[in-house]
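Sequential numbering from 1 applies to the sequence shown in our numbering. Beta carbons are placed, not taken as given, at the ideal position from N, Cα and C, and that holds for glycine.
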Amino acid sequence: MLNSTQTFNLSLPKSIAKTFWFSLLLLILVSFVLACMSGVMELSFNQVLGVFFSVFSGENTDKTHSLVILNLRFARAVLAFFGGAALGVAGLILQNVLQNPLADAFTLGVASGSAFGAVLALVLGLPVFVYVFGVQVPLLSFMALFGALLALIFVFFIAFNTQKKARSLASETLILAGVICSSFLAALISLLKALNEDAVPGIVFWIMGSFQGKSWTEFQLMLPLSVLGFVLIYLFKRPLDLLSLGNIQATQLGVSTRSIRLVLILGASALSAATVSVAGIIGFVGLLVPHFVRLLFLRLGYSVLPSKLILPTALIGGLLLLWADVLARRLLSFGVYLGFNNLSGVDLPVGVVTALIGVPFFCWILKYRYE
1 MLNSTQTFNL SLPKSIAKTF WFSLLLLILV SFVLACMSGV MELSFNQVLG VFFSVFSGEN
61 TDKTHSLVIL NLRFARAVLA FFGGAALGVA GLILQNVLQN PLADAFTLGV ASGSAFGAVL
121 ALVLGLPVFV YVFGVQVPLL SFMALFGALL ALIFVFFIAF NTQKKARSLA SETLILAGVI
181 CSSFLAALIS LLKALNEDAV PGIVFWIMGS FQGKSWTEFQ LMLPLSVLGF VLIYLFKRPL
241 DLLSLGNIQA TQLGVSTRSI RLVLILGASA LSAATVSVAG IIGFVGLLVP HFVRLLFLRL
301 GYSVLPSKLI LPTALIGGLL LLWADVLARR LLSFGVYLGF NNLSGVDLPV GVVTALIGVP
361 FFCWILKYRY E
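The structure is reproduced here in structure tokens:
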């Protein structure tokens, strides 16, 4: 893993730095418009812009277009962007706090816990919706979120009982506790699939991850936990930089490593749980994006302190998952030209797309890093 405690002076003119940020924000805006254009009913660039302008101007527009764009496609795009941002930042925090370059949402059992909660809801055939504090939320997502939180509690229970007398919680202990939890939950998921074969297609599709059919209702469920995670990480971003020096040096500088690491891990886990509970298991975003941003900032001559990488990691992570979702909608539609008419309007799971993008890209990052 690259040394995240190093800082670098800008080696490029400030105009290039401004161009980078402007280009990134412009690309995000264009990507949102393109995401609103993609779907079974094709819409033009002007039609999408017309709907958004009508929201602010109050002008009348096609009701069908407005419903499709604002209630379905834009909601799905926002979910994908926020989900990618959350997974990217969660990966960045966990990689630095645990000092493990392979850490992400899977490391502490959050993804497995979320999957178990969702699988349990599918197998038991529970109602589609449930009211939480007077708000109607999808029960599948709620159960997935509940499972993720239970898995996290289980991991910390194992870790704390293993190291009761230790001043700091060892990264290896947390990682091993996460492996234990994930393995146990994977076994339970396999058992549930064996007991109810009719639910297997739905289970497999959910586990592969998808934003298909998601709306503002899922965003309401995802938002509170995501905000909590981002706030915790922002409040403790200075201790995060000190933790990246190592436990001994951070302790000498006055950081309570055990409590700070616990808070940061809780923040990262909240981000992971919020996304996985809504979209299913999506791999490679939390693993790939922090490494890519770190290498990019090294090339640009920026500081690669963890606190300085949070915003770009969030933006690039959101952009990656947004484009992955757009590709998930479009890839199978090309099968129509090959004679597979039954694939028209079918979405590929976004987790499959992130894996197809992530595997070769991550191999390139590893090669570049060692060179």
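Worksheet item: Which ranges does the alpha helix (DSSP H) cover as unbroken runs of at least 4 residues, wholly within the segment 342-367, from first to last along the chain?
Response: If we require 4 residues or more, the segment 342-367 turns out to have no alpha helix (DSSP H) run fully inside it.
Practice prompt. Have a look at G351 and F74 and give me their C-alpha separation to the nearest angstrom.
Written response: Cα to Cα, G351 sits roughly 20 Å from F74.
Discussion item. Tell me the rounded alpha-carbon separation between L228 and G267.
Written reply: Those two C-alpha atoms are separated by around 7 Å.
Item to complete: For W364, count neighbouring C-beta atoms within 10 Å of its own C-beta (all shown protein chains included) and say buried if the count is 16 or more, exposed if not.
Response: By the 10 Å Cβ count, W364 comes out exposed.
Practice prompt. Rounded to whole angstroms, what's the CA-CA distance from F142 to M222? Just pull it up for me.
Written response: A straight line joining the alpha-carbon of F142 with that of M222 spans about 10 Å.
Practice prompt. Examine chain B for any beta-carbon lying closer than 8 Å to the beta-carbon of I282, and answer yes or no.
Written response: No chain B appears in this structure, which consists of one protein chain only.
Discussion item. Quick check on the DSSP output: the alpha helix (DSSP H) that includes G229 runs from which residue to which?
Written reply: Per DSSP, G229 is one residue of the alpha helix (DSSP H) stretching across W216 to L235.
Practice prompt. Starting from P306, follow its DSSP beta bridges and name the residues at the other end.
Written response: According to DSSP, residue pairing for P306 in a beta bridge does not occur.
Practice prompt. Decide if T313 is buried, meaning its Cβ has at least 16 other Cβ atoms within 10 Å, or exposed.
Written response: Around the CB of T313, 16 or more other CB atoms lie within 10 Å, so the residue is classed as buried.
Fill in: Outcome for R238 when other beta-carbon atoms lying within 10 angstroms are tallied against a minimum of 16
Taking a 10 Å sphere around the C-beta of R238, we find fewer than 16 other C-beta atoms and assign the residue as exposed.
Practice prompt. Would you check if there are 3 or more beta carbon pairs closer than 8 Å linking the segment 267-283 to the segment 74-84?
Written response: Between the segment 267-283 and the segment 74-84, the count of Cβ pairs shorter than 8 Å is three or higher; the stretches touch.
Item to complete: If I'm right that L243 touches N96 with Cβ under 8 Å, what's the distance once you round it to whole angstroms?
Response: With a Cβ gap of about 7 Å, L243 and N96 count as contacting.
Worksheet entry | Distance between I153 and L10 (C-alpha atoms, nearest Å) | Confidence in L10 is poor, its pLDDT being 41 and thus under 50, which makes the residue's placement unreliable; the coordinate value appears in the next sentence. Looking at the two C-alpha atoms, the distance is approximately 43 Å.
Discussion item. Pop quiz: L322 and A35 are said to be a contact at Cβ under 8 Å. What is the actual Cβ separation, rounded to whole angstroms?
Written reply: About 6 Å; that satisfies the 8 Å criterion.
Practice prompt. Look at the Cβ atom of L122, then the Cβ atom of A186, and state whether they are nearer than 8 Å.
Written response: In this structure, L122 sits away from A186, with a CB-CB distance that is not shorter than 8 Å.
Practice prompt. Taking all protein chains shown into account, decide if K214 is buried (16 or more other Cβ within 10 angstroms of its Cβ) or exposed.
Written response: With 16 or more Cβ atoms within 10 Å of its Cβ, K214 is classed as buried.
Worksheet item: So P101 is in the alpha helix (DSSP H); what residue range does that whole segment cover?
Response: Here P101 belongs to no alpha helix (DSSP H), and DSSP marks it neither H nor E.
Discussion item. Taking its Cβ as the centre, do 16 or more other Cβ atoms sit within 10 Å of L26, making it buried, or is it exposed?
Written reply: Flag for L26 reads exposed.
Fill in: Uninterrupted alpha helix (DSSP H) stretches inside the segment 40-109 (no shorter than 4 residues)
Runs of alpha helix (DSSP H) with 4 or more residues, each lying fully within the segment 40-109, are found at 45-57, 63-66 and 74-97, listed in chain order.
Worksheet item: Can you tell me whether DSSP reads F317 as helix, strand or coil?
Response: For clarity, residue 317 is Gly in the given sequence; the question names Phe instead. DSSP, read as helix, strand or coil, puts G317 in helix.
Worksheet item: Short check: CB of V289 to CB of L298, under 8 Å?
Response: No, they are not a contact pair.
Worksheet item: So what's F211 in DSSP terms, helix, strand or just coil?
Response: DSSP, read as helix, strand or coil, puts F211 in coil.
Item to complete: Answer with buried or exposed for N3, where buried requires no fewer than 16 other C-beta atoms within 10 angstroms of its C-beta.
Response: Residue confidence for N3 is low, a pLDDT of 47 falling below 50, so the modelled location carries little weight; the figure read from the coordinates is stated next. Exposed is the call here.
Fill in: Cβ-Cβ separation, A279 to F211 (assumed contact under 8 Å), whole Å
Indeed, because the Cβ distance is near 6 Å, the residues count as touching under 8 Å.
Practice prompt. Identify whether S171 lies in helix, strand or coil by the three-state DSSP scheme.
Written response: Helix.
Worksheet item: So which of S112, L150 and F156 has the shortest CA-CA distance to I281?
Response: It is S112.
Discussion item. I need the straight-line Cα distance from P349 to Q99, nearest angstrom please.
Written reply: Taken atom to atom, the span from the alpha-carbon of P349 to that of Q99 is near 31 Å.
Practice prompt. Identify which residue in F160, V155 and P201 has its Cα closest to the Cα of S183.
Written response: Here the closest residue by C-alpha is V155.
Worksheet item: How long is the line joining the alpha carbons of F284 and P127, rounded to whole angstroms?
Response: Computed Cα separation, rounded: 32 Å.
Item to complete: Would you mind giving the Cβ-Cβ distance between P306 and L92, rounded to the nearest angstrom? I have them listed as a contact below 8 Å.
Response: Contact flag correct, Cβ pair sits at about 6 Å.
Worksheet item: If you draw a straight line from the C-alpha of T162 to the C-alpha of S66, how long is it?
Response: Their Cα atoms are separated by approximately 56 Å.
Worksheet item: Looking at C-alpha atoms only, which residue of V51, K18, I180 and A90 is the closest neighbour of I234?
Response: First, the amino acid is wrong: residue 234 is Tyr here, not Ile. Minimum Cα distance to Y234 is reached at A90.
Worksheet entry | Pick from V51, S57, L79 and S256 that is closest to V68, judged by C-alpha positions | Comparing Cα-Cα distances from V68 to each of V51, S57, L79 and S256, the minimum goes to V51.
Discussion item. I need the straight-line Cα distance from S259 to R330, nearest angstrom please.
Written reply: Straight-line measurement puts the Cα of R330 at about 46 Å from the Cα of S259.
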